[in-house]
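Participant: Residue numbers (numbering that gives the first Met the number 0), protein chains in the order written: chain A, 0 to 123; chain B, 0 to 123.
Note that the Cβ used here is the ideal one computed from N, Cα and C, for glycine as well.
Keep in mind the model is a prediction, meaning the values are calculated, not measured.
Number of protein chains: 2
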Amino acid sequence: MTRLSKQALDGNVEALLLAILESGPSYGYAIVKDLNVRAEGILRLGEGTVYPVLYRMEDKKLIIAKWRLAENGRQRKYYRLTPKGHRTLAASRRQWEVLSTVMTKVVGSAERLSPQPKVKGAVS
Amino acid sequence: MTRLSKQALDGNVEALLLAILESGPSYGYAIVKDLNVRAEGILRLGEGTVYPVLYRMEDKKLIIAKWRLAENGRQRKYYRLTPKGHRTLAASRRQWEVLSTVMTKVVGSAERLSPQPKVKGAVS
DNA sequence: AAGATATACCTTGCACTATGAGGTATGGCA
DNA sequence: TGCCATACCTCATAGTGCAAGGTATATCTT
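Structure representation (structure tokens):
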């Protein structure tokens, strides 16, 4: 499986979780499963990654939690987006567009491997 | 100016620098300028960001440095890619493709704001 | 009844990264 | 002379992702 390096994902886990919660309330354990299904074969996040991010987001009032007894008899902590969470998700999407633009412009894709034009100040 | 948050860029600065050096050898001060020109109005990296990354890359043998006296009488520390640096850049491009795929699939773009299909396990 | 498995939560410690805010030194120019 | 741009470097800090642990309970298997 192609794995993402830790750094590559940095700062984007929050956006991923916000996007998942946009589909409707969910809880930690299910979020981990959903994420790994949605990004099948590419991404694999553990609970040790997701739970701390959820608490961080709760502190920032992006999501709020409510305990509920599920049909299977388990206690689950359901999270849902706050208005601020929705706004943050929108901002995250804009940030992603910007990053994507920069990376495409400067780094280019894996396919476009022809040499870039010379940079002012560079020497041969 | 739309600024990228610190975290959004995390792990990608190395790829940016590798890509710039792919165009030919350059030195810290010029790299900072080039980067800010190439990503005009979007990205603004300081020297405090770039120099440490260059040292890190040098430690990892991705680039090698050579002092040279420039035409303007200044000493400049020119960096160029090693073979390992070229391979790492190629790997970074693949990583970017993967991340891009995941983010597009899960988070979606800023334009596609229609509701996502329900996730298994989510509640209304 | 006993054991295993899946569900579901949580915590700690570590390594790594980006960044601002500093500092040093020198060449060119008014 | 003073000032600016060039060009290098360092330090402290905050924020991240993650592995590796731990607890508890419901369900399924033997």
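Could you tell me which chain A residues have their CB closer than 7 Å to the CB of residue 102 of chain B, listed as they occur along the chain?
Facilitator: Within the second sequence, numbered from 1, the residue matching residue 102 of chain B stands at position 103. In chain order: 11 and 95.
Participant: Can you give the Cα-Cα distance for residue 71 of chain B and residue 38 of chain B, rounded to whole angstroms?
Facilitator: By one-based count along the second sequence, residue 71 of chain B stands at place 72. By one-based count along the second sequence, residue 38 of chain B stands at place 39. So the alpha carbons of these two residues sit roughly 27 Å apart.
Participant: List the whole-angstrom C-beta distance separating residue 62 of chain A from residue 79 of chain A, where the pair is believed to meet the contact cut-off of C-beta under 8 Å.
Facilitator: Stepping through the first sequence from its first residue, residue 62 of chain A is reached at position 63. Stepping through the first sequence from its first residue, residue 79 of chain A is reached at position 80. Confirmed, about 6 Å.
Participant: So the alpha helix (DSSP H) residue 98 of chain B belongs to, where does it begin and stop?
Facilitator: Locating residue 98 of chain B in the second sequence gives position 99, where the first residue counts as 1. Where residue 98 of chain B is concerned, the enclosing alpha helix (DSSP H) stretches over 82-105.
Participant: Secondary structure at residue 30 of chain A, three-state DSSP: helix, strand or coil?
Facilitator: For the purposes of this step, residue 30 of chain A is taken as residue 31 along the first sequence, with counting starting at 1. It is helical.
Participant: Can you grab the Cα-Cα spacing for the pair residue 124 of chain B / residue 41 of chain B, in whole Å?
Facilitator: Past the edges of chain B, shown from 0 to 123, lies residue 124 of chain B, and the structure says nothing about it.
Participant: Straight-line CA distance for residue 112 of chain B to residue 100 of chain B?
Facilitator: Along the second sequence, read from residue 1 onward, the residue named residue 112 of chain B stands at position 113. Along the second sequence, read from residue 1 onward, the residue named residue 100 of chain B stands at position 101. For residue 112 of chain B, the predicted structure reports a pLDDT of 49, less than 50, and the residue's modelled location is therefore unreliable. A value from the coordinates is still provided. Going by the C-alpha atoms only, they are around 17 Å apart.
Participant: When the Cα atoms are used, what is the spatial distance from residue 35 of chain A to residue 44 of chain A?
Facilitator: In the first sequence, the residue the question calls residue 35 of chain A occupies position 36. In the first sequence, the residue the question calls residue 44 of chain A occupies position 45. Cα-Cα distance, rounded: 7 Å.
Participant: Cα separation between residue 90 of chain B and residue 13 of chain B?
Facilitator: Here residue 90 of chain B refers to the residue found at position 91 of the second sequence. Here residue 13 of chain B refers to the residue found at position 14 of the second sequence. Between residue 90 of chain B and residue 13 of chain B, the C-alpha separation is close to 12 Å.
Participant: Going by DSSP in three states, residue 55 of chain B sits in which element: helix, strand or coil?
Facilitator: Against the second sequence, residue 55 of chain B aligns to sequence position 56. DSSP places residue 55 of chain B in helix when its eight states are reduced to three.
Participant: Alpha carbon to alpha carbon, how far is residue 97 of chain A from residue 69 of chain B? Give it in angstroms, no decimals.
Facilitator: Numbered from its first residue, the second sequence carries residue 69 of chain B at position 70. Numbered from its first residue, the first sequence carries residue 97 of chain A at position 98. Each residue's alpha carbon lies about 35 Å from the other.
Participant: Should residue 62 of chain B be listed as close to the ligand SAM, given that the test is whether its C-beta is under 7 Å from any heavy atom?
Facilitator: Absent from the structure shown: the ligand SAM. Ligands present: none.
Participant: Within its chain, find whatever has a CB closer than 8 Å to the CB of residue 66 of chain B; leave out the 5 residues flanking it on each side and keep chain order.
Facilitator: Translated into positions along the second sequence, residue 66 of chain B becomes position 67. Excluding positions up to five away in sequence, the list reads 74, 75, 76 and 77.
Participant: To the nearest angstrom, how far is the alpha carbon of residue 84 of chain A from that of residue 16 of chain A?
Facilitator: As a working note, residue 84 of chain A is residue 85 in the first sequence. As a working note, residue 16 of chain A is residue 17 in the first sequence. About 10 Å.
Participant: Rounding to the nearest angstrom, what Cα-Cα distance links residue 88 of chain B and residue 54 of chain A in this structure?
Facilitator: Here residue 88 of chain B refers to the residue found at position 89 when the second sequence is read from its first residue. Here residue 54 of chain A refers to the residue found at position 55 when the first sequence is read from its first residue. If you take the alpha carbons of residue 88 of chain B and residue 54 of chain A, they lie about 35 Å apart.
Participant: Along chain A, in chain order, which residues have C-beta atoms closer than 7 Å to that of residue 52 of chain B?
Facilitator: In the second sequence, the residue the question calls residue 52 of chain B occupies position 53. Neighbours of residue 52 of chain B on chain A: none; closest Cβ ~11 Å, over 7 Å.
Participant: To the nearest angstrom, report how far apart residue 103 of chain B and residue 20 of chain A are at their CA atoms.
Facilitator: On the second sequence, position 104 is the one that residue 103 of chain B refers to. On the first sequence, position 21 is the one that residue 20 of chain A refers to. Cα-Cα distance, rounded: 16 Å.
Participant: By DSSP, does residue 73 of chain B sit in helix, in strand, or in coil?
Facilitator: Residue numbering aside, residue 73 of chain B sits at position 74 when the second sequence is read from its first letter. Note: residue 73 of chain B maps to coil in three-state DSSP.
Participant: So with CB distances below 7 Å, who are the chain A contacts of residue 86 of chain B?
Facilitator: Residue numbering aside, residue 86 of chain B sits at position 87 when the second sequence is read from its first letter. The contacting residues do not exist; residue 86 of chain B stays about 13 Å from chain A at best.
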